[in-house]
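Okay, structure first, notes after.
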Amino acid sequence: MPDEVRRKAAADVAEVEKLSAALLPEPAGDLVPLEAAEPQMADEIRKRMGELDITDSNSIIRFGSAAQGELQEISQAMLADVRNKDAGPAGDSLREMVTTIRGFSVSELDVRRDQSWWEKLMGKTAPFASFVARYETVQGQIDGITDRLLTHEHTLMKDIKSLDKLYEKTLNFYDELALYIAAGERKLKDIDETEIPACQAAVDAADENDQVMKAQELRDLRAARDDLERRVHDLKLTRQVTMQSLPSIRLVQENDKSLVTKINSTLVNTVPLWETQLAQAVTIQRSKEAAEAVRAASDLTNELLTANATNLRTANKTVRQEMERGVFDIEAVKKANAELVATIEESLQIADEGKARRAKAEQDLRKMEAELRDTLAAAKSRAQAGGSVPGA
Numbered sequence: 163m164p165d166e167v168r169r170k171a172a173a174d175v176a177e178v179e180k181l182s183a184a185l186l187p188e189p190a191g192d193l194v195p196l197e198a199a200e201p202q203m204a205d206e207i208r209k210r211m212g213e214l215d216i217t218d219s220n221s222i223i224r225f226g227s228a229a230q231g232e233l234q235e236i237s238q239a240m241l242a243d244v245r246n247k248d249a250g251p252a253g254d255s256l257r258e259m260v261t262t263i264r265g266f267s268v269s270e271l272d273v274r275r276d277q278s279w280w281e282k283l284m285g286k287t288a289p290f291a292s293f294v295a296r297y298e299t300v301q302g303q304i305d306g307i308t309d310r311l312l313t314h315e316h317t318l319m320k321d322i323k324s325l326d327k328l329y330e331k332t333l334n335f336y337d338e339l340a341l342y343i344a345a346g347e348r349k350l351k352d353i354d355e356t357e358i359p360a361c362q363a364a365v366d367a368a369d370e371n372d373q374v375m376k377a378q379e380l381r382d383l384r385a386a387r388d389d390l391e392r393r394v395h396d397l398k399l400t401r402q403v404t405m406q407s408l409p410s411i412r413l414v415q416e417n418d419k420s421l422v423t424k425i426n427s428t429l430v431n432t433v434p435l436w437e438t439q440l441a442q443a444v445t446i447q448r449s450k451e452a453a454e455a456v457r458a459a460s461d462l463t464n465e466l467l468t469a470n471a472t473n474l475r476t477a478n479k480t481v482r483q484e485m486e487r488g489v490f491d492i493e494a495v496k497k498a499n500a501e502l503v504a505t506i507e508e509s510l511q512i513a514d515e516g517k518a519r520r521a522k523a524e525q526d527l528r529k530m531e532a533e534l535r536d537t538l539a540a541a542k543s544r545a546q547a548g549g550s551v552p553g554a
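Heads up, the sequence shown is in this note's numbering, so the first residue is 163 and it goes up one at a time.
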């Protein structure tokens, strides 16, 4: 894996950890009435009470509408985020990476493996050069997938930051609604305890001519009071919906963080482990080829020794036959006998030397076989350990 990919992946993981460590304020609990509020909050509540004109129905209808308008903006921002961020391609790239790696089997290096019926039918072999050429093709595919995963990872990182801002904005809106609700409830309390009793007293004290008008004013006041109560109830519902959106934002963030972690794990763990496994497989195959070359040389040596012994026996037979012919010289016989003894001793010596060499060669072969088995076992253990890594 290129160092640039490692650097980018490490930087993204560090950014995710930094964002996860950052603690945003939690939403406030119960509503705080005006009489229990801190001075600064009490001033804000009174300021919003000043927006109410109980004689103006539009004032009641519009009460808190500015804050509610922010809810629509927040909802549109969340919808735009969902439309612009499609996690599908990121998941598809991860699946494509896994499929590509799984589809490239290092067992194809072994020319002694059991071939499929198609390979047998076509007389197809798996030469080392063909394997390397296919590896280069697959490596190019993995590099392309890696680039796409880095792009998805960068996009998800931007989304995580945007969701942090969205959470903050939603929380501010949540607190703003609390101020409007507190202002509305205090206004309702003032109407119930002060304005309606005063208006009722005015009706009772009015003469017959003014009593009808005063009674209508009382009915209007009570109707306005009911409108305000319904408006405050709507604001409470809006605040409840807003409170529910806060954990939803956090859930989307956690999903994005999880996907970034999976992508990062694939880039820094799965791909390097696959490359390491491939390098080990190539090295092992080369060792096998070297061992086969040594074995072939040993077989040739044995064949030469056997051929020499056979030639010696044939020559010895010819000499013996010539020695047994009709007239012969005893000195020639002695000399021939001496040569024969020497030949036999030499044959025995050669045979002993050949046996010793074969024994040594057999020990060397066993040693090489043991080393090869140990190397294969170690490679298998590392491959199994690599398969258990998360996200791989």
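Think of the CB as a built atom: it goes at the ideal place given N, C-alpha and C, for glycine as much as any other residue.
No experiment lies behind these values; they were computed from the predicted model shown.
| Check | Outcome |
| --- | --- |
| Proximity winner among N473, A494, L467, relative to R520 (alpha-carbon distances) | L467 |
| Within 8 Å, strictly: CB atoms of G212 and L339 | no |
| Identity of the residue in A360, A345, V365, D382 nearest R210 by Cα | A345 |
| Pick from D388, F335, R535 that is closest to A453, judged by C-alpha positions | R535 |
| Terminal residues of the alpha helix (DSSP H) in which D418 lies | 370-427 |
| C-beta atoms of L350 and V394 nearer than 8 Å | yes |
| Anticipated Cβ contact below 8 Å, I358 with L397, distance rounded | With a Cβ gap of about 22 Å, I358 and L397 do not count as contacting. |
| Distance CB(L538)-CB(I446) smaller than 8 Å | yes |
| Length of the line joining the Cα atoms of V444 and L502 | 54 Å |
| Alpha carbon of S219 to alpha carbon of A228, nearest angstrom | 16 Å |
| Other residues of its chain near T505: CB distance less than 8 Å, five sequence neighbours each side excluded | L474, N478 |
| For D215 and Q378, the rounded distance between their alpha carbons | 18 Å |
| Residue from F335, Q202, A363, L390 with nearest C-alpha to R224 | L390 |
| Between the CA atoms of D354 and D372 - distance to the nearest angstrom | 23 Å |
| Secondary structure of T299, DSSP reduced to three states | helix |
| Under 8 Å between C-beta atoms of R348 and P201 | no |
| Rounded separation between M485 and E507 - CA only | 19 Å |
| Where V433 falls, given that 16 or more other Cβ within 10 Å makes a residue buried | buried |
| Rounded straight-line distance, which links the Cα of A242 to that of E315 | 19 Å |
| Endpoints, alpha helix (DSSP H) assigned at N431 | Element bounds for N431: n/a, residue is neither H nor E. |
| Beta-carbon spacing of V422, L333 below 8 Å | no |
| Terminal residues of the alpha helix (DSSP H) in which R210 lies | 201-211 |
| Alpha-carbon spacing of A249 relative to K320, whole angstroms | Because the pLDDT at A249 is just 48, under 50, the model does not fix this residue reliably, and the value given afterwards should be weighed accordingly. So the alpha carbons of these two residues sit roughly 13 Å apart. |
| Residue burial classification, E206 (beta-carbon count within 10 angstroms, cutoff 16) | buried |
| Identity of the residue in A368, D418, Q439 nearest A540 by Cα | Q439 |
| Counted within 10 angstroms of its Cβ, other Cβ atoms place R392 as buried (16 or more) or exposed | exposed |
| Beta-carbon contacts of M284 that lie in its chain and below 6 Å, excluding the five residues immediately before and after | Note that M284 scores a pLDDT of 49, beneath 50, so its modelled location is shaky and nothing firm can be said. |
| Straight-line Cα distance separating S427 from R208 | 54 Å |
| With 16 other Cβ atoms within 10 Å as the buried cut-off, status of L399 | exposed |
| A363 versus K376: straight-line alpha-carbon distance, rounded | 10 Å |
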